[in-house]
Structure formats: structure tokens, C-alpha cells
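S.K.: Just so it is clear: in the sequence shown, position 243 is 243 by UniProt numbering, and no numbers are missing.
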Amino acid sequence: MDVLTLLFALATFIAVVLFLEGAYLWWSSTHSPEVKRLNRRLEEVATGVQGAKTATLFKDDSASGSAAGDRLLAAIPRLGGVNRLIVQSRLDLTLAQFLGWTVALGAVGFALPLLLNRPVVLGIFGAAILAMLPTLYVIRARTRHMQQFERQLPEALDLMGRALRAGHAFPTAIKMVAEEMKDPIGGEFRILFDEMNYGVPQQTALLNLASRTDSTDLSYFVIAVLIQRDSGGNLAELLDNISSIIRARLKLYGEIRTLSAEGRLSAWILGSLPFATAAMINIVNPGFMKVLWEDPAGINFIYGALVMMVFGVLWMRKIIRIHV
């Protein structure tokens with residue numbers, strides 16, 4: 001087996017890991033029990049009934065550039081979750097562009113091995129690798145946006161609490177956050193203030209904010225404001241309490257990240273060590289590894305090892321990922 005085939009085998013393993021990682025992240029952000037519970041709670045608070053209407057997840061602007069294209073995309077099932085990820089990533093990207101890049105890269109990944117006279121199975125794996133790149137890019141942008149947003153949220157809540165104590169109204173406090181805080185939280189609260197200023201009901205604007213960000217901490221803020229509006233109470237003190245809880249959670253999360261750094265490094269080393277060892281042996285003594293590439297039993301052994309490594313990597317990831 002030559003170096004090119006070895007690279008394709010390595011790319012196949014990476015493709016499987018990335019595909020499973022992307023599928024898990026997509027599922028956890030749209031179908032996890034915590035997300036369903038928070039969405040159901042927000043709907044119950046907003047409507048007062050169990051069977052609340054499901055808000056549309058598509059962007060307000062055109063998703064494809066034409067009305068017919070928007071209707072076609074809206075008719076395809078489960079694209080709402082994909083478009084929701086794009087909206088939450090804050091990328092200058094439409095759903096049609098995302099799908100176009102996914103199909104184009106998948107076609108390139110499938111055609112390239114065939115042009116090099118490689119087996120069709122390598123083309124399938126190549127298509128899977130390249131087709132997953134736009135999804136992983138959007139998920140990474142969304143994660144980065146959400147982490148930065150949650151770091152700014154306690155300071156924004158403190159600012160709102162001080163504004164309310166000074167006698168300002170709730171919309172004015174939101175405007176102060178929009179004007180004085182940097183993006184991303186400044187931009188999100190600016191949209192919230194504009195919606196309220198242009199006549200959107202307060203509860204609808206707050207629910208739109210929660211849908212755009214999909215932050216657990218922000219959902220607590222939205223629920224608290226909606227409940228306080230109906231039951232009364234000291235909103236400034238409530239915001240201070242939420243801010244303290246969020247700060248404590250972020251502090252605990254940072255400590256856990258520090259304590260689990262050794263485990264994450266061990267996972268990276270254990271995951272990459274077999275490939276690094278195989279590459280070094282193939283460079284130093286190609287004949288030693290040649291039997292493994294050419295013998296059918298050796299090829300089956302490689303496939304089995306790759307499958308077991310995928311499960312091992314996912315298991316290590318499960319161990320070192322601690323939710324706070």
C-alpha cells in the first residue's frame with residue numbers, strides 16, 4: 001500500500017470521527033432533553049398553555065434569494081434545525097449557500113479519488129469528509145459565539161440591574177446594554193431593543209432573543225423577566241442573583257477545564273499515537289508494514305482497529321467532557 005492509500009485510510013478515520021462529532025453536536029443542540037425542557041418552559045411562560053405554537057426557525061431575510069426557493073427549503077424536513085445553527089453562528093451565510101457548499105465539496109471529495117483510479121469506497125469517504133466541513137465550520141463559529149456571549153452576560157445583567165435601581169425602565173436598561181457592551185451581546189440586545197421599540201411584544205422579543213442565542217444562562221434571564229412581569233417583585237435583585245449564579249458556574253467550569261486538561265491531552269496522545277507509530281515504522285522499515293497493507297487479513301485488521309478506535313475516542317470524549 002503506497003503513501004496515498006495510507007493518507008486516504010487516515011482521512012477515512014478522521015471523516016468518521018468528525019461525522020460522529022458533528023452529528024452529536026447537532027443532536028445535543030436541537031434534540032437534547034435540556035433543550036426541549038427549556039423550549040417547553042419558555043413556551044408555557046409566554047402563552048400560558050401547554051400546546052404553544054412553534055416559532056419559525058428560518059431567518060427573516062431570504063434563505064435562498066427567491067420566494068420559490070424559500071418555499072422549497074421550508075418544505076424539506078429538518079432544515080429548520082440547520083438554519084437555526086446558521087443563525088446562531090452569526091455568519092454571513094444563507095441556508096441555500098450552506099447547502100450549496102456542502103453539495104459542491106461532497107462532489108469534489110467523491111470525484112477526486114475516482115480521477116486517481118481509486119476504489120469507489122474512497123470516493124464515498126472523501127465525499128463524507130469534505131461535505132462535513134461546512135457543518136463543522138458553522139458549529140465551531142456558533143460555539144465560539146456562544147462562549148463569548150456567555151462570558152459577557154453577567155456584566156450585562158449587572159449593568160441592567162444598576163440601571164433599574166437608578167430608576168430607568170426595562171427597555172432603557174436593554175438599550176444601555178446595547179450601546180455600552182461590545183458584540184456579540186451588544187448586537188443581540190440591540191436587536192432586542194429594536195424589536196421592542198418597533199412594536200413587537202416584549203415576551204415575543206425576549207423569546208426571539210432566546211431562540212437566536214440558544215444559551216441556557218440567557219434562558220434563565222428570559223424566564224425570570226417573563227415571570228416577574230406577571231407576578232411582580234424586585235427585578236434588579238433578581239438580575240443580580242442570576243448574574244452571581246452565572247459567574248459561579250463559569251468559575252466552576254474554568255476550574256474543571258483546568259483539572260481535566262491532563263485527560264484531554266492524554267486523549268489526543270492516545271488517539272494520534274497509533275497513526276504516528278504506523279507512519280514512523282512505514283518510513284523507517286517499509287517492508288515491515290507492507291505485509292499489513294497487502295494481506296487481506298491485515299486489511300480487515302486495520303478496518304477493525306479503526307472502528308474500535310472510533311469507539312475509544314468517543315468514550316474518552318465522554319469521560320473528559322463535564323457539563324456544568
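By construction, the Cβ of each residue, glycine as well, lies at the ideal position given by its N, Cα and C atoms.
(1) Determine the extent of the alpha helix (DSSP H) in which Gly254 is found, giving its start and end residues.
(2) Just verifying my parser: in three-state terms, what is the DSSP assignment at Met316?
(3) Just curious, the alpha helix (DSSP H) that Met181 is in, first and last residue?
(4) Could you spell out where the alpha helix (DSSP H) holding Thr204 opens and where it closes?
(5) Rounded to the nearest angstrom, how far is the Cβ of Pro154 from that of Arg247, given a contact under 8 Å?
(6) Where does Phe58 sit, in a helix, a strand or coil, going by DSSP?
(7) For the segment 271-279 against the segment 176-196, do three or more pairs of beta-carbon atoms, one drawn from each stretch, fall closer than 8 Å, so that the two count as touching?
(8) Give me the Cα-Cα distance between Met160 and Ile124, rounded to the nearest whole angstrom.
(9) Look up Asn300 in the DSSP assignment and say whether it is helix, strand or coil.
(10) Could you give the residue range of the alpha helix (DSSP H) that holds residue 325?
(11) Tell me whether Ile269 is buried or exposed, calling it buried when 16 or more other Cβ atoms sit within 10 Å of its Cβ.
(12) Between Ala305 and the rest of its own chain, which residues show a CB-CB distance below 7 Å, the 5 nearest in sequence each way excluded?
(13) What is the C-beta distance between Met181 and Gln152, in whole angstroms, given that I count them as a contact (C-beta under 8 Å)?
(14) For Leu259 and Ala23, I'd like the C-alpha separation in whole angstroms.
(15) Have a look at Leu235 and Val313 and give me their C-alpha separation to the nearest angstrom.
(16) Is it buried or exposed for Arg257, if we count other Cβ within 10 angstroms and need 16 for buried?
(17) Straight-line CA distance for Ala96 to Leu114?
(18) Buried or exposed: Thr5, going by 16 or more other Cβ atoms within 10 Å of its Cβ?
M.R.: By the coordinates alone:
(1) Leu235 to Leu259
(2) helix
(3) Element bounds for Met181: n/a, residue is neither H nor E.
(4) Gln202 to Thr213
(5) 5 Å
(6) Bear in mind that a pLDDT of 38 at Phe58, under 50, signals an unreliable position, so the number given afterwards is only what the model happens to contain. Of the three classes helix, strand and coil, the one that applies to Phe58 here is coil, per DSSP.
(7) no
(8) 53 Å
(9) helix
(10) The question about residue 325 has no answer, for the chain in this structure spans 1 to 324.
(11) exposed
(12) none
(13) 6 Å
(14) 27 Å
(15) 46 Å
(16) exposed
(17) 27 Å
(18) exposed
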